[in-house]
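Taken in order, these protein sequences are the chains called S and Y.
Throughout, this note's numbering is defined as the position within the first sequence, counted from one, plus 1446.
Throughout, this note's numbering is defined as the position within the second sequence, counted from one, plus 1446.
All C-beta atoms in this analysis are idealised placements derived from N, C-alpha and C, irrespective of residue type, glycine included.
2 protein chains.
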Amino acid sequence: MKASLIAIDWGTSNLRASLLDEGGGLIEARSAPGGIMAVPERRFAQALLSLCADWIDTHAVPLIASGMIGSRQGWQEAPYVECPAGLLSAASQLVRVEVRPGAVLHIVPGIRCMGGDGVHDVMRGEETQLWGAALAAGSCCVLPGTHSKWAWLGEGGAVDRFETFMTGELYGLLTRHGILGRLMAFGAARPETFEAGVRLGLREHANAPHVIFAARTAGLMGDIDAQGLPDYLSGILIGIEIASATARHPQRSVTLLGDDDLCSRYETALQLAGIDSTRASDGATTRGQWRVALEAGLVTARMKAPA
Amino acid sequence: MKASLIAIDWGTSNLRASLLDEGGGLIEARSAPGGIMAVPERRFAQALLSLCADWIDTHAVPLIASGMIGSRQGWQEAPYVECPAGLLSAASQLVRVEVRPGAVLHIVPGIRCMGGDGVHDVMRGEETQLWGAALAAGSCCVLPGTHSKWAWLGEGGAVDRFETFMTGELYGLLTRHGILGRLMAFGAARPETFEAGVRLGLREHANAPHVIFAARTAGLMGDIDAQGLPDYLSGILIGIEIASATARHPQRSVTLLGDDDLCSRYETALQLAGIDSTRASDGATTRGQWRVALEAGLVTARMKAPA
């Protein structure tokens, strides 16, 4: 089938390009290591062209991108759209940058909301995945990661509100640069210490800066060996996130969207918290980009988009 | 007055030695940059001798040390004493290492306790400061720092129980290695953003991994400028600590012990939390070491110890 869109997922640490057909189906995918942070001297056009100049030459189709490429540190800032945020508002606020004469990249804006706690929150990239996942109104979707997102969906797949948890970043900082990492040996999977950590995090989530210290004392006291400590800390942090997110907004079930290994951890942890979870189907990112492109009139649906 | 004790405070990042007279008063103090982590190839004796070999030669008095020097990464591990832990238990469990023939260093053990949350906790060095501060039974003492300690005192100045909060380490990791630091400009004191952070942290302490993200979004949204963000995050983290520590154990007043600048921050934050605070008098570390040495019979009181 004929190509109709080049869909680019350009984050802080990855660049992925997908060539989509006239139904939004995948023709070919490519990726380059290093995201926006790895682009020297802000030469974003060059980075993109070295990945897929041949697609642009051959197919002359529109280009769309989502993710941190639209942040202040990216190619050009695409101002946040306020929640509730759906396809229509995003499609009407695409930011255009020239890749080379005749080729324009359309950058999907991130979204923002004001939480019940009076704190602003933002996301860039995940909103497009959420639109791609097309979840039912009233559902809650968890996107685990460096900055995990809990999002609540409204009518027509719009994101009503969401909350960020710095779980993944905290794990990285504490293990790579902090004192907790000094007692740890990495590489082994230890489901039982992970689960012990989750239980502790769920129970003591309101005392987070204290309870993470357990990942040091459990090592010092010989309760958990060096190989078990990374999963213990991972469990504590994920348990804290789940209990914190659901304290204000209790959930009976959530949808998980993201990296497979990370989703497995959350599945286990959610189960310990008494929360059912299902996985979003694969391909949410390109499906979301396709839908934004459709809404913006960059492409025309020749057949219905893949489910 | 004649020298009677060499008292050494040897932590992770500092080495301080004090020559004390027969009443426990200070004759001379010296320090060297870099604590146990800066000692090459575990040559602790050499590091100590380069700081104060002349004192050992001239006075031939006992040596006592407290702090991380008694940890597994230190000179020799001094096993933790269980809470409630007072001078007597510490004095009876000093660990001896030879500095050179004829000169023995007595290392004060750290202490440990089991929290109501089922989590072990440990301290090394702060227990000696607490014994030096000689606080009333029933009082609560806060020692701000990389790993802040909240300690509750019992009869005879014994430490009944305590809780660690990784506040200072989290601040350092998030600002130096994390994404929050990228929007920050350091160097300016901003009392008003500090206080705004404290209020947020106090209110939202049960949602810690989310609320620290406010130190990014407040920058992205232009609510707080780059110079104000470090103090905003500092306030959020200290607010979280205070609300977390007092949620389980409400306090009307606490004693602050530690670094002057840090104690000032906590004073402000405690006031916003409606908690009175007083400062412990200076010299708690050497006074504590002197008292342990007295209890262990390493020195004999020729006159009463300084108040």
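Below-8 Å beta-carbon distance, residue i vs any chain S residue
i: Phe1659/Y; result: yes
i: Trp1456/Y; result: no
i: Leu1666/Y; result: yes
i: Ile1670/Y; result: no
i: Cys1498/Y; result: no
i: Ile1625/Y; result: yes
i: Thr1504/Y; result: no
i: Val1550/Y; result: no
Spatially closest choice to residue i from the options, by CA coordinates
i: Phe1611/S; options: Phe1640/Y, Val1644/Y, Ala1660/Y, Ser1594/Y; result: Ala1660/Y
i: Tyr1617/S; options: Gln1697/S, Ala1463/S, Ile1658/S; result: Ile1658/S
i: Gln1697/S; options: Leu1646/S, Pro1555/S, Gly1584/S; result: Gly1584/S
i: Gly1488/S; options: Leu1509/S, Cys1498/S, Asp1500/S, Ser1517/S; result: Position check: residue 1488/S holds Arg in this sequence, whereas Gly was assumed. It is Ser1517/S.
i: Met1569/Y; options: Glu1601/Y, Gly1665/Y, Ala1531/Y; result: Ala1531/Y
i: Thr1639/S; options: Thr1714/S, Ala1491/S, Val1545/S, Leu1576/S; result: Thr1714/S
i: Val1632/Y; options: Gly1600/Y, Gly1602/Y, Leu1679/Y; result: A small fix is needed here, since residue 1632/Y is Phe in this sequence, not Val. That would be Leu1679/Y, whose Cα lies nearest to the Cα of Phe1632/Y.
i: Ala1580/S; options: Ala1747/S, Ala1635/S, Asp1728/S, Ile1454/S; result: Asp1728/S
i: Ala1719/S; options: Ala1726/S, Arg1711/S, Arg1725/S; result: Arg1711/S
i: Gly1668/Y; options: Arg1636/S, Trp1577/S, Asp1567/S, Gly1704/S; result: Asp1567/S
i: Ala1537/Y; options: Ile1510/Y, Glu1523/Y, Met1514/Y; result: Ile1510/Y
i: Thr1731/S; options: Ala1475/S, Gly1643/S, Met1447/S; result: Ala1475/S
i: Gly1602/Y; options: Ala1634/Y, Ala1582/Y, Gly1643/Y; result: Ala1582/Y
i: Glu1523/Y; options: Glu1615/Y, Pro1555/Y, Gly1643/Y; result: Pro1555/Y
i: Cys1586/S; options: Ser1477/S, Leu1451/S, Trp1456/S, Thr1692/S; result: Thr1692/S
i: Trp1521/Y; options: Gly1548/Y, Gly1614/Y, Leu1534/Y, Ala1491/Y; result: Ala1491/Y
i: Ala1549/Y; options: Ser1512/Y, Pro1676/Y, Leu1494/Y, Gly1600/Y; result: Leu1494/Y
i: Val1588/Y; options: Ser1699/Y, Glu1741/Y, Thr1746/Y; result: Ser1699/Y
i: Gly1480/Y; options: Ile1502/Y, Gly1457/Y, Asp1500/Y; result: Gly1457/Y
Chain Y within 8 Å of residue i, Cβ atoms only
i: Ala1753/S; result: Legend: pLDDT at Ala1753/S = 47, less than 50; position of this residue unreliable, value from coordinates given subsequently. Cβ-Cβ to chain Y under 8 Å: no for Ala1753/S.
i: Leu1718/S; result: no
i: Ile1553/S; result: no
i: Ser1459/S; result: no
i: Lys1448/S; result: no
i: Thr1746/S; result: no
i: Ala1463/S; result: no
Give the list of continuous alpha helix (DSSP H) stretches no shorter than 4 residues that lie fully inside the region 1645 to 1683 of chain Y. 1654 to 1657, 1660 to 1666
Going residue by residue through the region 1611 to 1651 of chain S, where are the continuous alpha helix (DSSP H) segments of at least 4 residues, counting only ones entirely within it? 1613 to 1622, 1637 to 1649
Return the residues of the region 1639 to 1658 of chain S that lie within a Cβ-Cβ distance of less than 8 Å from chain Y, sorted by chain order. Leu1646, Arg1649, Glu1650, His1651, Ala1652, Asn1653, Ala1654, Pro1655, His1656, Val1657, Ile1658
May I ask you to list, following chain order, the residues of the region 1675 to 1700 of chain S that have a beta carbon less than 8 Å from some beta carbon of chain Y? Leu1683, Ile1686, Glu1687, Ser1690, Ala1691, Ala1693, Arg1694
Could you name each continuous alpha helix (DSSP H) segment of 4 residues or more that falls completely within the region 1475 to 1524 of chain Y, going from the start of the chain to the end? 1490 to 1505
Quick one, which residues of the region 1597 to 1623 of chain Y are near chain S if we go by CB-CB under 8 Å, in chain order? Glu1609, Thr1610, Phe1611, Met1612, Thr1613, Glu1615, Leu1616, Leu1619, Leu1620, Arg1622, His1623
Contacting positions in the region 1560 to 1586 of chain S - beta carbon closer than 9 Å to chain Y: Gly1561, Asp1563, Gly1564, Val1565, His1566, Asp1567, Val1568
Do the region 1618 to 1628 of chain S and the region 1557 to 1564 of chain Y make contact, defined as three or more Cβ pairs closer than 8 Å? no
Any 3 or more C-beta pairs closer than 8 Å across the region 1466 to 1478 of chain S and the region 1728 to 1739 of chain S: yes
Segments assigned beta strand (DSSP E), at least 3 residues, entirely inside the region 1537 to 1571 of chain S: 1541 to 1546, 1549 to 1553, 1557 to 1560, 1566 to 1569
To be precise: take each residue of the region 1482 to 1495 of chain Y, compare its Cβ to all Cβ atoms of chain S, and keep it if any distance is under 7 Å. Which residues remain? none
Contact between the region 1566 to 1580 of chain S and the region 1450 to 1469 of chain Y (3+ Cβ pairs under 8 Å): no
Pairs of beta-carbons, one from the region 1681 to 1700 of chain Y and one from the region 1643 to 1653 of chain Y, closer than 8 Å: are there three or more? yes
Assess, as a yes-or-no matter, whether the region 1523 to 1530 of chain Y is touched by the region 1482 to 1497 of chain Y under the definition of 3 or more beta carbon pairs within less than 8 Å. no
Fully enclosed by the region 1586 to 1612 of chain Y, which beta strand (DSSP E) runs are 3 residues long or longer? 1586 to 1589, 1594 to 1599, 1605 to 1611
Contact residues within the region 1713 to 1743 of chain Y, judged by C-beta distance below 7 Å to chain S: none
Ignoring anything shorter than 4 residues, give me the alpha helix (DSSP H) runs that lie fully in the region 1689 to 1721 of chain S, in order along the chain. 1706 to 1718
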